[in-house]
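Visitor: Residue numbers (this note's numbering), protein chains in the order written: chain A, 1 to 282; chain B, 283 to 616; chain C, 617 to 885.
Even glycine gets a Cβ: it sits at the ideal position worked out from N, Cα and C.
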Amino acid sequence: MLPRVLFLVTMAAVGTLAGFSRGALDRLAEGTSAEQELLYLPNGKYLKVMSLGHANLLADGIYLWAIQYYSNYERKQRQRYVEHIFGDVITELDPRYVDAYWLGALIMIVENHDLEAGLRLLEKGIERNPEQWILPYLAAWECYHGKQYSRAAAFFEQAAAIPGAPDVVRRMRAGMMTKVGSLREALALWRAILGESASDRLSVVIAKRKIRELETRLDVETLQAAVDRFRKENGHYPSRLGELERRRYIRALPLASDGRPYRYDAATGTVSSKSGRMLGKL
Amino acid sequence: MHRPTIEHDREMRTAEPMPGRNTSATPVIRMRGVSKSFTGHLNIGRKVAVEDLELEIRPGEIFGLLGPNGAGKTTTFKMLLALLRPDRGQVRLFDRPPSDPAARARLGYLPENPYFYNYLTAAEFLDFYGRLQGIPAAERRGRVRETLRRVGLEGLEGTALRKFSKGMVQRLGLAQAIQHDPELLILDEPMSGLDPIGRRDVRDLILSMRAAGRTVLFSSHILQDAEMICDRIAILDKGRLRSVGRLDEMVASGVEWFEVTVRGAFALPAGVTLLSRDGQRSLLRVSAVESLAELMAVVRESGAEVFSIWPKRKTLEDLFLREIRANRPDGARR
Amino acid sequence: MEAAGGRLLVNTPSIGAAVHAIALNTFREAIRDRILYLLLVFALTLIGVSRLLSLLTVGNEEKIIKDMGLSAISLFGVLTAVFVGVSLVFKEIERGTVYTLLANPVRRWQFVAGKFLGLLTVLAMNVGLMSLALGGLLLLRGESPWPLLPAIALILVELVVITAFALLFSSLTNPVLAALMTFAIYVLGHLTWSLELLSAKLEGGLAVRLVDALYWMMPNLDRLNLKATAVHGLPLEPGFVTLGVVYGLSYAVVILGLACVAFERKEFN
Chain A
1 MLPRVLFLVT
11 MAAVGTLAGF
21 SRGALDRLAE
31 GTSAEQELLY
41 LPNGKYLKVM
51 SLGHANLLAD
61 GIYLWAIQYY
71 SNYERKQRQR
81 YVEHIFGDVI
91 TELDPRYVDA
101 YWLGALIMIV
111 ENHDLEAGLR
121 LLEKGIERNP
131 EQWILPYLAA
141 WECYHGKQYS
151 RAAAFFEQAA
161 AIPGAPDVVR
171 RMRAGMMTKV
181 GSLREALALW
191 RAILGESASD
201 RLSVVIAKRK
211 IRELETRLDV
221 ETLQAAVDRF
231 RKENGHYPSR
241 LGELERRRYI
251 RALPLASDGR
261 PYRYDAATGT
271 VSSKSGRMLG
281 KL
Chain B
283 MHRPTIEHDR
293 EMRTAEPMPG
303 RNTSATPVIR
313 MRGVSKSFTG
323 HLNIGRKVAV
333 EDLELEIRPG
343 EIFGLLGPNG
353 AGKTTTFKML
363 LALLRPDRGQ
373 VRLFDRPPSD
383 PAARARLGYL
393 PENPYFYNYL
403 TAAEFLDFYG
413 RLQGIPAAER
423 RGRVRETLRR
433 VGLEGLEGTA
443 LRKFSKGMVQ
453 RLGLAQAIQH
463 DPELLILDEP
473 MSGLDPIGRR
483 DVRDLILSMR
493 AAGRTVLFSS
503 HILQDAEMIC
513 DRIAILDKGR
523 LRSVGRLDEM
533 VASGVEWFEV
543 TVRGAFALPA
553 GVTLLSRDGQ
563 RSLLRVSAVE
573 SLAELMAVVR
583 ESGAEVFSIW
593 PKRKTLEDLF
603 LREIRANRPD
613 GARR
Chain C
617 MEAAGGRLLV
627 NTPSIGAAVH
637 AIALNTFREA
647 IRDRILYLLL
657 VFALTLIGVS
667 RLLSLLTVGN
677 EEKIIKDMGL
687 SAISLFGVLT
697 AVFVGVSLVF
707 KEIERGTVYT
717 LLANPVRRWQ
727 FVAGKFLGLL
737 TVLAMNVGLM
747 SLALGGLLLL
757 RGESPWPLLP
767 AIALILVELV
777 VITAFALLFS
787 SLTNPVLAAL
797 MTFAIYVLGH
807 LTWSLELLSA
817 KLEGGLAVRL
827 VDALYWMMPN
837 LDRLNLKATA
847 VHGLPLEPGF
857 VTLGVVYGLS
867 YAVVILGLAC
877 VAFERKEFN
């Protein structure tokens with residue numbers, strides 16, 4: 001009886017000791033382990049070799065861990081190694097892991113406000129996955145949000161060129177052109193979308209509207225440029241728009257889409273369109 | 283002729299020990315109402331190994347536990363050594379449970395078909411057991427050498443066990459069993475695998491242990507060896523004790539029946555059975571001396587000739603076979 | 617064969633003597649197990665190969681050597697603990713040597729303890745040899761190996777825990793299952809962070825409590841992992857190694873206790 005009691009008591013005591021030391025270890029490790037976990041992930045190239053053919057699985061595992069890790073907002077300084085984790089580890093283990101490219105980029109851009117790093121990662125992904133239109137598409141969007149419209153346009157163009165890209169990509173490209181100020185190119189793109197038989201109904205509807213908008217804008221621009229030239233040469237604004245045609249500042253007077261002439265205020269020399277509200281700011 | 287009846291009754295077990303033996307009252311081994319059964323995997327199938335065993339081994343005697351294979355001998359031994367726990371009943375060694383190391387300190391054990399660590403030398407082997415047996419370091423070396431000599435393996439201290447023949451391994455097993463001078467020896471089939479010289483050596487060792495006042499319990503299915511040295515025996519079959527008692531009382535030295543060969547024709551008297559006939563020759567079985575006299579008379583009168591008379595004495599084997607067969611009503615061997 | 621002299625001996629060995637005898641015997645047996653040498657050769661080869669691999673990297677070459685060296689020591693230590701450990705008890709039962717052993721005045725728990733200590737000695741020797749090889753290689757390259765010591769110490773502690781499990785399972789079942797279960801514990805021991813995460817994600821109630829219980833009961837082997845700290849020369853919290861040793865050893869003792877109980881109740885048929 002006694003040995004058994006003694007045994008149980010000893011086990012309980014040792015077990016408690018284990019528990020306490022475990023708790024203390026956990027507390028001590030709390031601060032440091034974060035760094036260590038991140039630091040200790042070697043480059044994906046090595047991991048790939050070591051994974052003995054299970055590189056994809058390993059990439060998944062690390063990806064899952066990374067998601068959990070980065071969703072924990074309480075951790076400080078968790079941003080330091082994002083590019084390493086996503087760029088050097090996961091995507092080296094599995095270069096075709098499309099999700100990892102854009103998630104990593106997203107984290108870097110949204111959390112770190114580091115557009116360049118995000119774009120670097122996305123470009124790496126684009127290079128390795130040329131058939132994935134989504135990657136340049138996302139890159140384009142990020143550029144758009146970062147107000148880098150010409151780069152956005154370039155990315156949209158890249159995405160649109162990939163077979164299988166949905167129509168929205170071409171629409172976005174055309175839209176970017178407008179944003180950048182290349183109205184004629186935008187118009188050409190919209191006309192192309194309209195002309196393409198493969199375009200879906202939504203694209204057709206939007207294209208028509210956009211074409212109208214762009215034509216109006218271009219007309220107003222042309223007219224306004226002519227008015228300004230008139231003023232420069234004649235010292236005063238023309239009294240009517242028809243004068244421009246008569247005096248050969250323009251070849252023909254364009255009409256607005258509703259068939260009516262464009263508005264003209266002789267006092268300020270401003271050309272405008274009646275459908276201003278539809279076009280937004282011209 | 284009186285033939286003793288054999289029953290597993292209590293009178294046998296309380297018979298007086300042989301004169302000259304250690305007659306201390308406490309039995310060395312006592313098993314009361316011991317039962318053990320094994321269930322197969324997933325609790326399907328229950329095999330009874332030993333049922334309701336009552337056994338007492340007294341100090342200074344040589345006790346033979348006999349029985350066919352699978353009778354439960356090894357199971358019984360394992361329960362004596364705390365390698366198995368009985369389902370029911372009580373096991374006592376020197377009046378203590380076998381789980382008590384102090385009890386096991388006083389015994390030596392040799393299992394059936396022993397296997398020992400191949401990578402050790404004979405001296406390392408005995409030294410290891412010497413440590414477990416509590417022999418102090420100062421004494422161990424001398425004891426190892428002495429024990430090897432006692433079992434006839436002298437000079438082989440430095441030889442690796444993997445070079446030992448089966449007979450040598452058996453002797454070495456005996457060596458570790460006797461090294462610490464135990465009061466009780468438990469030997470499971472100690473004679474198996476030995477040549478006649480080896481078997482004689484083992485018999486001599488057992489006898490010398492008794493001469494020194496030690497107790498020996500061994501199991502065997504070689505009945506001749508048991509017959510030669512046992513004081514008491516027990517026959518175990520299918521987990522039950524069929525008979526227990528003093529050997530000399532169970533195996534009568536008197537003649538059981540006569541086998542007579544007669545040549546010629548004659549009339550068969552009562553008490554005589556014809557076993558076989560080959561032409562003129564008849565083989566007869568005569569159960570009592572009186573019937574023998576009658577047969578002689580009849581043969582003489584008929585003018586036939588008695589060719590041979592062979593008195594048949596009962597051996598342990600007869601007893602053994604009879605007990606075993608009685609346990610199998612359909613006459614099956616197993 | 618002759619009878620002995622008249623003197624009767626009734627001696628039971630002291631606990632220390634019995635455990636020591638069994639440990640010594642186990643050591644002798646394990647030393648002769650070929651698996652041991654196979655694994656040792658593999659580990660040493662790996663350490664050598666790391667030298668070659670270091671040529672592939674850009675920058676800190678020694679990092680590769682240290683990384684591979686520590687991982688080799690850890691991994692092969694675990695493999696040795698598992699493969700040699702699970703066969704230790706099994707072989708004795710299989711071959712029947714345990715019968716003559718236990719027929720002597722030795723208690724069953726002393727048997728388990730002796731096996732454990734014997735195997736530990738072999739493991740410590742292995743780790744020592746591999747560490748010497750690693751240290752030697754680093755010294756040859758002009759790099760100080762001493763920062764690796766805390767990591768190696770805790771690797772040894774990890775091995776103690778794994779060995780305890782190997783003995784526990786080998787007392788309960790056959791070697792194949794025992795090896796698998798011990799490996800499972802090893803893997804789970806390194807994935808305890810996932811239990812922590814799971815517990816945070818769960819809604820609460822019974823599930824959370826179960827997961828939490830599992831988290832505390834599983835050996836947290838990752839806490840005994842100081843490889844990153846050692847390799848990068850990061851600062852180590854004072855007392856961390858001591859705590860790690862205390863945790864590992866006390867945990868192992870509890871598991872050994874269970875192994876003793878399992879062995880105590882075992883029926884040898």
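Can you tell me the Cα-Cα spacing of residue 585 of chain B and residue 537 of chain B, whole angstroms?
Guide: 28 angstroms
Visitor: Let's see if you can read the secondary structure: which residues bound the beta strand (DSSP E) around residue 313 of chain B?
Guide: 311 to 321
Visitor: Looking only at its own chain, which residues have a Cβ that is under 8 angstroms from the Cβ of residue 852 of chain C, when we skip the five neighbours before and after it?
Guide: 766, 842, 845
Visitor: For residue 25 of chain A, go through chain C and note every residue whose CB falls closer than 7 angstroms to its CB, in chain order.
Guide: 839, 859, 860, 863
Visitor: Could you tell me which residues DSSP pairs with residue 617 of chain B in its beta bridges?
Guide: Since the first and last residues shown for chain B are 283 and 616, residue 617 of chain B lies out of range.
Visitor: Contact criterion: CB-CB distance below 8 angstroms. Does residue 886 of chain C meet it with respect to chain B?
Guide: One cannot answer for residue 886 of chain C here, as it falls past the ends of chain C, which runs 617 to 885.
Visitor: Using a Cβ-Cβ cut-off of 6 angstroms (strictly less than) and excluding sequence neighbours within five positions of residue 657 of chain C, which residues of its own chain qualify?
Guide: none
Visitor: Got a sec: which bits of the region 870 to 882 of chain C sit with their beta carbon under 7 angstroms from any beta carbon on chain B, in order along the chain?
Guide: none
Visitor: So residue 859 of chain C packs on residue 17 of chain A, CB below 8 angstroms; how close in whole Å?
Guide: Going by Cβ atoms, the distance from residue 859 of chain C to residue 17 of chain A rounds to 11 angstroms, so no, they are not a contact pair.
Visitor: Counting contacts by CB-CB distance shorter than 8 angstroms, is residue 653 of chain C in contact with chain B?
Guide: Judged by the 8 angstroms Cβ criterion, residue 653 of chain C is not in contact with chain B.
Visitor: Report yes if the C-beta distance between residue 309 of chain B and residue 336 of chain B is below 8 angstroms; otherwise report no.
Guide: No.
Visitor: In chain C, which residues lie with their C-beta within 7 angstroms of the C-beta of residue 29 of chain A?
Guide: 839
Visitor: Whole angstroms is fine: what's the gap from residue 795 of chain C's alpha carbon to residue 701 of chain C's?
Guide: 9 angstroms
Visitor: Unbroken alpha helix (DSSP H) runs of length 4 or more, entirely within the region 464 to 497 of chain B: which are they?
Guide: 478 to 493
Visitor: May I ask which residues mark the beginning and end of the beta strand (DSSP E) holding residue 527 of chain B?
Guide: 522 to 528
Visitor: Comparing the C-beta of residue 685 of chain C with each C-beta of chain A, is any distance below 8 angstroms?
Guide: no
Visitor: What does the alpha-carbon distance come out to for the pair residue 803 of chain C and residue 642 of chain C?
Guide: C-alpha separation (whole angstroms): 27 angstroms.
Visitor: Please compile the residues from chain A whose C-beta is within a distance smaller than 7 angstroms of the C-beta of residue 802 of chain C.
Guide: What residue 802 of chain C touches in chain A: nothing, since even the nearest Cβ is about 17 angstroms away.
Visitor: Can you tell which of A:148, A:143, A:136 has the C-alpha that lies nearest to the C-alpha of residue 163 of chain A?
Guide: For the set A:148, A:143, A:136, the Cα lying nearest the Cα of residue 163 of chain A is the one of A:136.
Visitor: For residue 791 of chain C, report the span of its alpha helix (DSSP H) as first-last.
Guide: Following the DSSP letters along the chain, one finds residue 791 of chain C inside the alpha helix (DSSP H) bounded by residues 791 to 805.
Visitor: Whose CA, out of C:705, C:689, C:733, lies closest to the CA of residue 632 of chain C?
Guide: The shortest C-alpha separation from residue 632 of chain C is found at C:733.
Visitor: For residue 192 of chain A, count neighbouring Cβ atoms within 10 angstroms of its own Cβ and tell me buried if that reaches 16, exposed if not.
Guide: exposed
Visitor: So that I know if they touch, is there some Cβ in chain B lying closer than 8 angstroms to that of residue 711 of chain C?
Guide: yes
Visitor: So residue 364 of chain B is in the beta strand (DSSP E); what residue range does that whole segment cover?
Guide: First-last for residue 364 of chain B: undefined, no H or E at that position.
Visitor: Do residue 440 of chain B and residue 405 of chain B have their CB atoms nearer than 8 angstroms?
Guide: yes
Visitor: By Cβ distance below 8 angstroms, which residues in the same chain neighbour residue 96 of chain A in space, the five residues on each side in sequence not counted?
Guide: Correct list, in chain order: 128, 129.
Visitor: Roughly how many whole angstroms lie between the Cα atoms of residue 806 of chain C and residue 173 of chain A?
Guide: The alpha-carbon separation between residue 806 of chain C and residue 173 of chain A amounts to approximately 49 angstroms.
Visitor: Where residue 891 of chain C and residue 530 of chain B are concerned, what is the direct C-alpha to C-alpha distance, given to the nearest angstrom?
Guide: Any property of residue 891 of chain C remains undetermined from this structure, which presents chain C solely from 617 to 885.
Visitor: For the region 727 to 744 of chain C, which residues have a CB atom closer than 8 angstroms to at least one CB atom of chain A, in sequence order?
Guide: Against chain A - using a Cβ distance shorter than 8 angstroms - the region 727 to 744 of chain C contributes no residues.
Visitor: Could you tell me how far apart the beta carbons of residue 548 of chain B and residue 581 of chain B are, in whole angstroms, since I believe they sit closer than 8 angstroms?
Guide: Contact between residue 548 of chain B and residue 581 of chain B holds, since their C-beta atoms are separated by about 5 angstroms, short of 8 angstroms.
Visitor: Excluding the 5 residues flanking residue 303 of chain B on each side, which residues of the same chain have their C-beta closer than 7 angstroms to its C-beta?
Guide: At residue 303 of chain B, the pLDDT of 43 sits below 50, so the modelled position is not reliable and the matter cannot be decided from this model.
Visitor: Looking at C-alpha atoms only, which residue of A:201, A:208, A:198, A:202 is the closest neighbour of residue 188 of chain A?
Guide: A:208
Visitor: Quick one: which residues of the region 405 to 423 of chain B get their C-beta closer than 7 angstroms to a C-beta of chain C? List them in chain order.
Guide: Listed by position, the residues of the region 405 to 423 of chain B near chain C (Cβ gap below 7 angstroms) are 410, 411, 413, 414, 415, 416, 417.
Visitor: Tell me, please, whether the CB atom of residue 819 of chain C is closer than 8 angstroms to any CB atom in chain A?
Guide: no
Visitor: Checking contacts by CB at 8 angstroms: is residue 853 of chain C closer than that to chain B?
Guide: no
Visitor: Put residue 94 of chain A into one of helix, strand or coil per three-state DSSP.
Guide: coil
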